[in-house]
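Here's the structure, in structure tokens; my notes come after.
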Amino acid sequence: MRIALALLLALVGCAWPAMAPAQALKVELLHTEQELRTPPAVAPVQRRLVAPAPGEAVRLPLQRRQTGYWLRLTTDIPIPADRPLALVLDGPRSLGPVTFYPPAAEPVLVEQGEGAESHLLRRGWHLPLPEGWPPASVAYLRVNGTSSQPLTLALMDVDRVILAERQQARVSSAVFTTLMLMAIFMVGLWVAFRDLLYMSYAAYLVAIAAYAMLLSGDASEIRVLALLDASGALGRYALATLAVALQLIFTIRFLELDRLMPRRAKVLHVGVWLHFALLAVLLVGREHVYGWFYLASNGLLLLVLPFAVVIAVQAWQKGAALAGYFLIGWTPLLSVVLMLVCHQFGLVDLPWAQRLLPLAAVLQSAVLALALSQHAANRHRVALLARQSIERDPLTGALNRNAITEMLAAWGQIGHLGASDYGVLLIDLDDFSEVNQKHGYLVGDTVMQQVLARIRGLVRPDDTVARMESDMFAVVSECHRDDCEQLAHRLVEGFQRRAFSVDGVDVPVSISIGLAMSIRGESVDAFIARAEAAMQSARIAGHSSVGLAADTNAVRARRRRGASATPG
Numbered sequence: 146m147r148i149a150l151a152l153l154l155a156l157v158g159c160a161w162p163a164m165a166p167a168q169a170l171k172v173e174l175l176h177t178e179q180e181l182r183t184p185p186a187v188a189p190v191q192r193r194l195v196a197p198a199p200g201e202a203v204r205l206p207l208q209r210r211q212t213g214y215w216l217r218l219t220t221d222i223p224i225p226a227d228r229p230l231a232l233v234l235d236g237p238r239s240l241g242p243v244t245f246y247p248p249a250a251e252p253v254l255v256e257q258g259e260g261a262e263s264h265l266l267r268r269g270w271h272l273p274l275p276e277g278w279p280p281a282s283v284a285y286l287r288v289n290g291t292s293s294q295p296l297t298l299a300l301m302d303v304d305r306v307i308l309a310e311r312q313q314a315r316v317s318s319a320v321f322t323t324l325m326l327m328a329i330f331m332v333g334l335w336v337a338f339r340d341l342l343y344m345s346y347a348a349y350l351v352a353i354a355a356y357a358m359l360l361s362g363d364a365s366e367i368r369v370l371a372l373l374d375a376s377g378a379l380g381r382y383a384l385a386t387l388a389v390a391l392q393l394i395f396t397i398r399f400l401e402l403d404r405l406m407p408r409r410a411k412v413l414h415v416g417v418w419l420h421f422a423l424l425a426v427l428l429v430g431r432e433h434v435y436g437w438f439y440l441a442s443n444g445l446l447l448l449v450l451p452f453a454v455v456i457a458v459q460a461w462q463k464g465a466a467l468a469g470y471f472l473i474g475w476t477p478l479l480s481v482v483l484m485l486v487c488h489q490f491g492l493v494d495l496p497w498a499q500r501l502l503p504l505a506a507v508l509q510s511a512v513l514a515l516a517l518s519q520h521a522a523n524r525h526r527v528a529l530l531a532r533q534s535i536e537r538d539p540l541t542g543a544l545n546r547n548a549i550t551e552m553l554a555a556w557g558q559i560g561h562l563g564a565s566d567y568g569v570l571l572i573d574l575d576d577f578s579e580v581n582q583k584h585g586y587l588v589g590d591t592v593m594q595q596v597l598a599r600i601r602g603l604v605r606p607d608d609t610v611a612r613m614e615s616d617m618f619a620v621v622s623e624c625h626r627d628d629c630e631q632l633a634h635r636l637v638e639g640f641q642r643r644a645f646s647v648d649g650v651d652v653p654v655s656i657s658i659g660l661a662m663s664i665r666g667e668s669v670d671a672f673i674a675r676a677e678a679a680m681q682s683a684r685i686a687g688h689s690s691v692g693l694a695a696d697t698n699a700v701r702a703r704r705r706r707g708a709s710a711t712p713g
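The sequence shown begins at 146 in this note's numbering and counts up one residue at a time.
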């Protein structure tokens with residue numbers, strides 16, 4: 146019985162290796178205390194990972210260290226030299242060239258991308274197996290320790306690699322084309338409306354499109370981007386920093402932060418200048434600053450972007466017209482960016498985050514482009530209304546009160562984007578009844594027509610002029626408060642400078658102006674009433690005066706006090 150049991154155990158022991166599953170790839174991280182130029186003859190294994198079948202990857206997280214790492218690679222599957230299997234290494238580009246000791250072959254320095262001897266991969270390293278992988282042979286791989294991102298090693302079928310590369314190339318091309326088309330559309334809007342809001346967004350789209358192409362590894366195929374791709378980390382870091390700075394500039398204008406939350410806007414302005422300062426240091430220092438620049442730029446990104454989203458929520462609560470679009474577009478992109486940064490710092494292992502980045506950028510860009518398109522369409526509708534309105538004054542041909550009321554209602558739907566604050570200037574002709582009494586109504590009508598011509602000569606081509614009443618005109622101007630005040634004084638001075646002339650007779654006319662700036666949510670009647678009150682103040686002050694309506698913040702404060710005083 147004992148002899149039979151011993152024979153059974155011996156038989157099982159002999160058969161056990163054959164029963165164990167074959168290992169497609171085994172990766173051992175060797176523990177080395179100092180820098181070694183050749184594979185260590187003897188070294189303890191710090192970590193061991195196994196891919197059980199071809200096509201399955203081994204993911205090996207590493208810590209930053211100056212001496213680099215040695216990896217020992219083995220397989221239980223003999224690989225003939227003519228078998229279409231590729232040993233593929235994927236990881237951060239900061240690894241640079243890696244030193245590979247193929248089984249039964251001479252060591253080789255392997256580059257990535259366009260600099261590689263093999264063009265199988267757009268990004269990553271194709272580790273050559275010139276002699277295949279003979280049984281019981283060992284390969285060694287030496288990588289530097291400049292990154293804390295995980296490395297991925299896998300034995301892949303060549304046809305499968307080619308198919309995956311083609312799919313990624315098609316996605317990259319689609320993303321780049323989509324972003325560039327949106328950028329061209331934004332440039333067209335800028336040409337039509339001369340609003341830097343559109344141009345700042347177009348510049349951001351170009352930067353993010355180029356950056357996405359650099360990440361994909363396809364930039365070398367585009368002549369303009371090939372120069373950036375050849376610069377390596379310098380081009381990628383510079384484009385990423387520029388894209389963030391342009392996005393912050395657009396955010397400030399898009400969310401009306403200078404008007405709604407000037408103090409918080411200053412924080413983002415500081416963020417913009419810090420990014421430009423980092424960009425300048427990068428362009429001057431180049432490879433000498435890569436180490437700390439990478440940490441500083443990503444750290445600043447983690448601080449600024451969440452702060453921008455918090456500000457967007459507050460701007461939405463304060464009534465920023467299109468802040469909702471901003472949040473819808475930014476939330477997925479910010480989530481992906483945060484995941485990618487955490488992955489790059491080695492905090493979490495999210496290898497798919499980089500593949501999501503271009504798609505999230507397209508989603509964000511499409512949402513914001515939709516918002517800007519609606520804004521531009523409303524502006525065009527207002528301009529078309531001004532040109533085609535049949536509500537006109539019979540004497541001067543200018544728009545009348547009904548037309549200007551409709552226009553102000555349309556303006557209220559545009560939203561205050563960037564410089565798109567607008568004001569109403571009510572222009573009263575001082576004591577114009579005396580002109581009619583002294584020179585007659587025929588002269589008075591002629592002077593009225595000349596008044597309209599002079600007003601149009603003093604305002605911008607995009608400003609709208611209307612005749613509200615017999616001796617009152619209105620100008621609707623898209624500008625900030627300071628600019629509207631300057632326009633009012635320019636009109637007053639333009640009428641003071643010279644008199645009108647009718648049949649050789651000089652007819653001096655002075656004007657007084659009441660200025661009111663738009664307030665979100667205010668009705669058109671209340672808006673015009675504030676302008677009329679400001680004009681009454683100007684009349685009381687005397688000829689050639691300018692009256693200003695209550696400040697926006699003061700009006701809001703009164704509204705809040707009134708709401709709080711209202712019994713519940």
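The C-beta atom is built at its ideal place from N, Cα and C for all residues, glycine as well.
- Unbroken beta strand (DSSP E) run spanning R287, endpoints: A284 to V288
- Item | Exposure label - P248; buried when at least 16 CB within 10 Å | buried
- Message: I need the boundaries of the alpha helix (DSSP H) containing L341, first residue and last residue.
- Response: L341 to S361
- Would you mind stating whether V637 and S689 have Cβ atoms separated by less than 7 Å? yes
- Item | Simplified DSSP assignment, three categories, for A694 | coil
- Terminal residues of the continuous alpha helix (DSSP H) containing W270? Not the alpha helix (DSSP H): W270 falls in the beta strand (DSSP E), residues W270 to L272.
- Query: So who's on the other strand from T609, going by DSSP bridges?
  - Reply: V621
- Query: Exposed or buried, what is V336 when buried is set at 16 or more other beta-carbons lying within 10 Å of its beta-carbon?
  - Reply: exposed
- Item | Limits of the alpha helix (DSSP H) - the one that E638 falls within | R626 to R642
- Item | Cut-off 8 Å between Cβ atoms - residues of its own chain near L423, not counting five sequence neighbours on either side | T386, F438, A441, S442 and L445
- Three-state secondary structure (DSSP) at M484? helix
- Mind reading off the beta-carbon distance from L475 to A460? Whole number of angstroms is fine, and I expect it under 8 Å. Correcting the residue identity first, residue 475 is Trp in this sequence and not Leu. 12 Å between Cβ atoms; not a contact.
- Query: Does DSSP classify T476 as helix, strand or coil?
  - Reply: helix
- Message: If I measure Cβ to Cβ from D607 and keep anything under 7 Å in the same chain, skipping five residues before and after, which residues do I get?
- Response: E623
- In terms of alpha-carbon separation, which member of G213, P206, R209 and T219 lies closest to V195? T219
- Task: Report the three-state DSSP secondary structure of R784 (helix, strand or coil).
- Result: With the chain covering only 146 through 713, there is no way to say anything about residue 784.
- Return the CA-CA distance between V455 and I473, expressed in angstroms with no decimal places. 13 Å
- Item | Proximity winner among A347, L570 and A678, relative to I656 (alpha-carbon distances) | L570
- Task: Using alpha carbons as the reference points, say which of T396, Y435, P242 and A548 lies closest to G416.
- Result: T396
- Message: Here's a check: name, in chain order, each residue in its chain whose Cβ is nearer than 8 Å to the Cβ of S480, leaving out the five neighbours to either side.
- Response: A505
- With distances taken from CA atoms, which of V650, V647, L632 and Q641 is nearest G692? L632
- Task: Look at A388 and A352 and say whether their C-beta atoms are less than 7 Å apart.
- Result: yes
- Message: Nearest by alpha-carbon distance to L450: which of V482, V604, V650 and A661 is it?
- Response: V482
- Task: Please state if the CB of A383 and the CB of L419 are separated by a distance shorter than 7 Å.
- Result: no
- Are three or more beta carbon pairs between the region 674 to 684 and the region 639 to 653 nearer than 8 Å? no
- Query: If you draw a straight line from the C-alpha of L181 to the C-alpha of V243, how long is it?
  - Reply: 14 Å
- Task: Verify whether the separation of the beta carbon atoms of V172 and L216 is less than 7 Å.
- Result: yes
- Is it right to say V255 is buried, meaning 16 or more other beta carbons lie within 10 angstroms of its own, or is it exposed? buried
- Residues near P653 by beta carbon distance below 6 Å, same chain, minus five either side: A644
- How do the region 301 to 312 and the region 228 to 237 stand: do at least 3 beta-carbon pairs fall below 8 Å, yes or no? yes
- For V332, which residues of its own chain have a beta-carbon under 6 Å away from its beta-carbon, when the five flanking residues on both sides are left out? A347
- Item | Between the CA atoms of C629 and A674 - distance to the nearest angstrom | 18 Å
- Continuous alpha helix (DSSP H) stretch holding E579: start and end: F577 to H584
- Spatial distance of V610 from S663 (CA atoms): 17 Å
- Query: Can you name the start and end residues of the alpha helix (DSSP H) that R128 belongs to?
  - Reply: The chain is shown from 146 up to 713; residue 128 falls before or after that span and cannot be answered.
- Given a threshold of 16 other Cβ atoms within 10 Å of its Cβ, counted over all protein chains shown, does D627 qualify as buried or as exposed? exposed
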